[in-house]
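All remarks here apply to the structure that follows.
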Amino acid sequence: MSGCNGGGPLNSFALVAYLPAPLGSFIDGLRQELEPGCVAKAHLTILPPRLLACSPHSAWAQLLETLEEMHPFRVELGGVKIFGRSDVVYLSIGRGYEELRGMHAKLDRGYCHLAPEVWDYSPHITLAQNSDASEVARKFQVASRRWREFPYPGSFMLEHVCFVQNTWGNRWRDLHEYDLSASPVLKR
1 MSGCNGGGPL
11 NSFALVAYLP
21 APLGSFIDGL
31 RQELEPGCVA
41 KAHLTILPPR
51 LLACSPHSAW
61 AQLLETLEEM
71 HPFRVELGGV
81 KIFGRSDVVY
91 LSIGRGYEEL
101 RGMHAKLDRG
111 YCHLAPEVWD
121 YSPHITLAQN
131 SDASEVARKF
141 QVASRRWREF
151 PYPGSFMLEH
161 VCFVQNTWGN
171 RWRDLHEYDL
181 SASPVLKR
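The working numbering puts the first residue of the sequence shown at 1, with every later residue one more than the last.
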């Protein structure tokens with residue numbers, strides 16, 4: 001994967017949840033500080049970038065079948081960490097981690113199945129990647145300090161998801177959005 005937005009190959013597709021303000025605005029600013037020129041909106045990836053063996057419309061239709069069974073849930077961010085094998089600086093996920101893994105497992109099927117995935121799915125918020133090895137420790141320290149200074153709650157309700165496409169210039173285009181709170185509630 002390349003680019004500050006975690007992009008895969010051109011015309012790859014992903015399912016993400018954008019972070020709401022003020023958390024999203026803070027993460028956007030922090031990513032700009034760590035990776036000047038980064039244009040990606042702060043997000044949590046649910047299905048990492050993948051090529052499709054069908055049309056985006058067919059993939060979205062399949063995703064909708066499963067998304068309609070899902071409901072909003074709270075996500076709490078943990079501390080700043082580093083993935084050792086890739087030197088990615090990220091915010092860990094506390095509460096909501098298992099829900100995200102379950103969501104990924106249910107959605108990673110059929111047209112949207114990626115086998116094998118490059119990395120095991122580990123929910124997180126990317127802060128910096130593709131850095132020179134000599135810069136990783138500094139970026140980790142800056143991110144840790146800024147995160148401690150964040151004056152608002154480090155949590156949000158995951159209520160919306162977005163199906164996105166990587167395009168020219170490693171830019172992501174939003175194709176479809178879905179509001180999880182629109183899912184029908186089953187009465188018991």
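C-beta atoms are modelled at their ideal positions from N, C-alpha and C, and glycine is treated no differently.
Annotation for residue 97: the continuous alpha helix (DSSP H) segment containing it runs 97–107. Under DSSP, residue 125 takes part in a beta bridge, and its partners are 91.
Here residue 16 is actually not in contact with residue 51; their C-beta atoms are around 17 Å apart, not less than 8 Å. No Cβ-Cβ contact shorter than 9 Å links residue 167 with residue 31. Taken in chain order, the whole beta strand (DSSP E) runs of length 3 or more contained in the stretch 29–69 are 43–50.
DSSP places residue 155 inside the beta strand (DSSP E), whose first and last residues are 155–158.
For residue 147, the uninterrupted alpha helix (DSSP H) run begins and ends at 133–149, by DSSP. In this structure, the straight-line span from the alpha carbon of residue 109 to that of residue 139 is close to 36 Å. When C-beta atoms of the stretch 116–124 are compared with those of the stretch 149–168, fewer than three pairs fall below 8 Å, so the two segments do not count as touching. A direct Cα-Cα distance of roughly 22 Å separates residue 142 from residue 20. Residue pairing of residue 17 in beta bridges, as defined by DSSP: 44. Leaving aside the five residues that flank residue 146 on each side, the residues in its chain whose CB is nearer than 6 Å to its CB run, in chain order, 30. Between residue 103 and residue 27 a beta carbon distance of about 20 Å is seen, past the 8 Å cut, so the two are scored as non-contacting. When DSSP states are grouped into helix, strand and coil, residue 10 belongs to the coil group. The secondary-structure analysis by DSSP pairs residue 178 across a beta bridge with 161. Rounded to the nearest angstrom, the gap between the Cα atoms of residue 57 and residue 112 is 12 Å. DSSP places residue 74 in the uninterrupted beta strand (DSSP E) bounded by 73–83. For the pair residue 131 and residue 89, the CB atoms are nearer than the 9 Å cut-off.
Per the coordinates, the alpha-carbon of residue 128 lies some 11 Å from the alpha-carbon of residue 86.
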